[in-house]
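Here the protein sequences come in this chain order: X and A.
Per the working numbering, the first sequence starts with residue 739, numbered consecutively.
Per the working numbering, the second sequence starts with residue 397, numbered consecutively.
Heads up, the beta-carbon is just placed ideally off N, CA and C, and yes, glycines get one too.
Here is the structure we will look at.
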Amino acid sequence: MSSHETIIKAEHLVKRYGDFYAVNGVDFEVHRGEVFGLLGPNGAGKTTTLEMLVGLRKPDAGTAWIGEFDIRKDLERIKEVIGVQLQSTTLFELLTVEEILKMYASFYPKHISIPELIEDMILTDKRKSRIKSLSGGQKQRLAIALALVHDPWIIFLDEPTTGLDPQARRTLWDIVLNLKQKGKTIMLTTHYMDEAHVLCDRIAIMDQGKMIALDTPENLVKNLQSDSAVEFRIDESAPFHLEEIKGVTQIGGHKDVQVLYTDNLQETLTSLIETASEKGLKLTDLQTRTATLEDVFIHMTGRSLREG
Amino acid sequence: MRAYWQLTLAQLRIFLRNRQVLFWTLAFPIFLMVMLGSFLGNGNGMSVTIGYVDQDHSPQSKQLADILKKNEAISLEKTSSKKDALDQLKQGDVQLVVEVPKGYEKRMKNSSQNEKPFTLPVFYNETDMAVSQIGQQLVYNAVDAVSKQKADYKPAVVINPKGVEALNLRYIDFLVPGIVAMMILSNNMNGVAGQIASWRERGILRRMQGTTLKAHTFIAAQITARLMLNGLQALIVLMVARLVFDVEVRGSWLTLVSFVILGTLAFMAIGFIIAGIAKTPESAGPIAGFLSFPMLFLGGVFFPIKNMPEFLQPIVHILPIAHLTTALRETMNVGATFMSLGTEALVLGGWIIGAFIVASLTFKWE
């Protein structure tokens, strides 16, 4: 990898609907050949950011460059070098897989071999089937095939695995990693932690229209400064000061579940149990685990990703 | 160019695979034509069934029956018993009963100038006055012919009726061009509005906007595909009209096809405007209905435009449907040339240009 060649550069992108800022001044750079993830709950502004980059929405302020093209001026040139899979796209249901690929191929000056593309997307059996008859995973792979038909440099995938069963998700992950191996740059949005962790070289965490962190998944977790988490439930009415527990670096939690972050699991765990015993409190659902991206998010926003 | 053909092809495939839409868009006009054509269409004349009770059984009474039979409007039903014939009359199976009593021949042969004329009893049913009147007139004509023959009468003056258009037009001849116009109106205006609005709602257009496809290529392909399909559908309806009802195209097919194309373009453009205005596919239907329903009734599809109330006439005369029906009708019924239909072509052309300008201003991918 020509280590840090910038291929997408966003400068203070803003998208506003009335008084509501869907995207509120976002800056980032994407490097050639990496998988770049936008992670955040629904409504964080991930899709809006992505759609500004591909020219489907006009930014109210700021701009972005794809290669040397400005998204405000050179949209036609940009469309030739990017491939887009939009969230919940429907296609002409009465056409077959092969027909719609040929049709989309005709929209561009050049295209790759369609039989090979169908093969790569594991759709060879479904070549002659109507889109109507495809499963969710097959439809999603077709949507990605449509994004690839003109051999773009950069592929934008908006929530590619939302609504798919676990097996279909894994198939799709393989496809994304495969594309990366072929040297494509991929920018995707997701609200799945595990997906971001597996696929992405770098992750930008978004919340309420702002970018609150951007780093590799490993660094994001490391920056939490705690490698373990202790989760438990406790009767909320009891007076209990979590700060008293030894070795705790951060305190988190949502609803009635408490989470303690620590670098010294044994010390914290012992201290927690002792304190609880002294005060005669009952801990339930006690468990320990290594800290994840989810914890990073909770730590940064005070909310869980899935709460939205 | 490749994109244009691929999109046209895709649209044609979608049409042909959507069997239900294909069936109903064709079935409706044909059904309408067959229904209205069968009820109202058998020419302007009506036929009268006359019960004929011959009690004389003579060459003279046969001669009268033959004269009656010669009239195409009469179908003669011979019955031996007068009672049976009158029963049939009461039930409406026959509209009139003519009785030739015994002694008719004898009387005819021995008639002299001084005698009163022979009285032929004709029975009719008072509940069906209109037909009875016509039937009586027909029988009177036949009897009159017999009398004149007998008297060796030579008329001094005769009339020679001539229609201005020198055509024998039936209601079905009037109806078929109207139905073709109706098909063009609804398939294009309602069809385009519904389809584009729904494609937009489902994000199909948005996805295409993410490619290098140009809007004008997309619209041109839409128009091409619909022109091909509409041409074909109009042709099928005309073939059915031809085969079932013997409706002719008196003018040139080129003129007819030209007007089918003009009509298709005009209503497609209006459909694109509706698709632009409609916020959801659900609202596109009612908007299209709101526009098409009055047009069907005012535009001369089923009734001649001149039958419309006076105050509506100015409105009727700017409607594109009115000019389309007139042009199709003149071409098919009268055999008018394209040049003589200049006004209609101009008005439709005006609608096409105006509507496409508005459509391009209101068109949205999403």
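ask   = Where phenylalanine 758 of chain X and phenylalanine 693 of chain A are concerned, what is the direct C-alpha to C-alpha distance, given to the nearest angstrom?
value = 49 Å
query = If you draw a straight line from the C-alpha of aspartate 945 of chain X to the C-alpha of threonine 900 of chain X, how long is it?
reply = 19 Å
### Message
Between A:Pro497, A:Ile463, A:Ala481 and A:Gln456, which has its C-alpha nearest lysine 505 of chain A's C-alpha?
### Response
Ranking A:Pro497, A:Ile463, A:Ala481 and A:Gln456 by CA distance to the CA of lysine 505 of chain A puts A:Gln456 first.
Notebook entry, point to check: Identify the residues that DSSP records as bridge partners of leucine 803 of chain X: which are they?
Noted result: Looking at the sequence itself, residue 803 of chain X is tryptophan, so the reference to leucine does not match. X:Lys747 and X:Asp808, per the DSSP bridge assignment.
Worksheet item: Does DSSP put lysine 760 of chain A in a helix, a strand or coil?
Response: coil
* To do: Quick one: give me the first and last residue of the alpha helix (DSSP H) that valine 1034 of chain X is part of.
  => 1031-1039
*Interface residues of the stretch 915-929 of chain X facing chain A [CB-CB below 9 Å]*: none
With respect to the beta strand (DSSP E) encompassing valine 444 of chain A, which residues constitute its N-terminal and C-terminal limits?
First-last of the beta strand (DSSP E) with valine 444 of chain A: 444-450.
message: Taking the straight line between their C-alpha atoms, what separation do you get for proline 797 of chain X and alanine 760 of chain X?
response: 11 Å
field: valine 697 of chain A (DSSP reduced to helix, strand or coil)
entry: coil
Please state whether DSSP places tyrosine 536 of chain A in a helix, a strand or coil. helix
* To do: Could you name the residues of the same chain whose beta carbon sits closer than 6 Å to that of lysine 498 of chain A, not counting the 5 residues immediately before and after it, in chain order?
  => Gln451 and Asp452
Using a threshold of 8 Å, state whether the C-beta atoms of methionine 859 of chain X and leucine 833 of chain X are closer than that.
-> no
- Message: Let me check understanding here. Comparing Cα to Cα, which of X:Ala906, X:Ile941, X:His929 and X:His769 lies closest to glycine 874 of chain X?
- Response: X:Ala906
Open item on the list: On the CB-based measure, 16 or more other CB atoms within 10 Å of its CB, does threonine 928 of chain X come out buried or exposed?
Closed with: buried
**Q.** Buried/exposed call for arginine 415 of chain A, threshold 16 Cβ in 10 Å
**A.** For arginine 415 of chain A, the number of other beta carbons within 10 angstroms of its own is below 16, and it is reported as exposed.
Give the interface partners of serine 844 of chain X over in chain A, defined as CB-CB distance under 7 Å, in chain order. Within chain A, the C-beta atoms nearer than 7 Å to that of serine 844 of chain X come from Arg398, Ala399 and Gln402, in chain order.
* To do: Specify the secondary structure class of tryptophan 747 of chain A as computed by DSSP and reduced to three states.
  => helix
Which residues in the same chain as leucine 861 of chain X place their Cβ atom closer than 8 Å to its Cβ, once the five residues preceding and following it in sequence are excluded? Val835, Gln876, Arg879, Leu880 and Ala883
By Cβ distance, which residues of its chain are closer than 8 Å to glutamine 487 of chain A, with the 5 residues on each side in sequence left out?
-> none
* Please check the pair leucine 886 of chain X and leucine 855 of chain X, which I expect to be a contact at CB under 8 Å, by giving their CB distance rounded to whole angstroms. => Contact check for leucine 886 of chain X and leucine 855 of chain X: beta-carbon distance about 6 Å, within the 8 Å limit, so the pair qualifies.
Opening and closing residue of the beta strand (DSSP E) in which serine 471 of chain A lies | 470-475
Between which two residues does the beta strand (DSSP E) harbouring histidine 769 of chain X extend?
758-769
| query | Excluding the five sequence neighbours on either side, which residues of its own chain have a C-beta within less than 6 Å of the C-beta of glycine 667 of chain A, listed in chain order? | reply | Asn584, Met585, Val588 and Ala589
Practice item. Please compile the residues from chain X whose C-beta is within a distance smaller than 8 Å of the C-beta of glutamine 618 of chain A. Key: None at all; the shortest Cβ gap to chain X is about 13 Å.
* Asked: Are the Cβ atoms of isoleucine 673 of chain A and alanine 630 of chain A separated by less than 8 Å?
  -> Going by C-beta atoms, isoleucine 673 of chain A is not nearer than 8 Å to alanine 630 of chain A.
I want to verify the contact list: residues of chain A whose CB lies under 7 Å from the CB of leucine 794 of chain X, in sequence order. Arg602, Gln605 and Gly606
For this session: Kindly give me the distance between the Cβ atoms of phenylalanine 614 of chain A and methionine 604 of chain A, rounded to whole angstroms, as I take these residues to be in contact under 8 Å.
Result: 7 Å
- If leucine 464 of chain A sits next to isoleucine 446 of chain A, beta carbons under 8 Å apart, how far is it from one beta carbon to the other, in whole angstroms? Sure, about 7 Å apart at Cβ, within 8 Å.
Assigned secondary structure, leucine 998 of chain X (DSSP; H/G/I helix, E/B strand, else coil)
strand
### Query
Using the beta-carbon of each residue, which ones in chain A are nearer than 8 Å to phenylalanine 830 of chain X?
Correct list: Ala406, Ile410 and Ile600.
Quiz item: Does the beta carbon of threonine 786 of chain X come closer than 8 Å to any beta carbon on chain A?
Solution: Chain A places no beta carbon closer than 8 Å to that of threonine 786 of chain X, leaving this residue out of the contacts.
Worksheet item: Is leucine 824 of chain X close to chain A, meaning its C-beta is less than 8 Å from at least one C-beta of that chain?
Response: yes
**Message:** Using only the alpha-carbon positions, how far apart do asparagine 729 of chain A and phenylalanine 699 of chain A sit?
**Reply:** 15 Å
With a threshold of 8 Å between beta-carbons, can threonine 1013 of chain X be considered close to chain A, or not? no
TODO: Check distances from the C-beta atoms of the stretch 802-822 of chain X to those of chain A and list, in chain order, the residues that come in under 7 Å.
DONE: Glu814, Lys817, Glu818 and Val822
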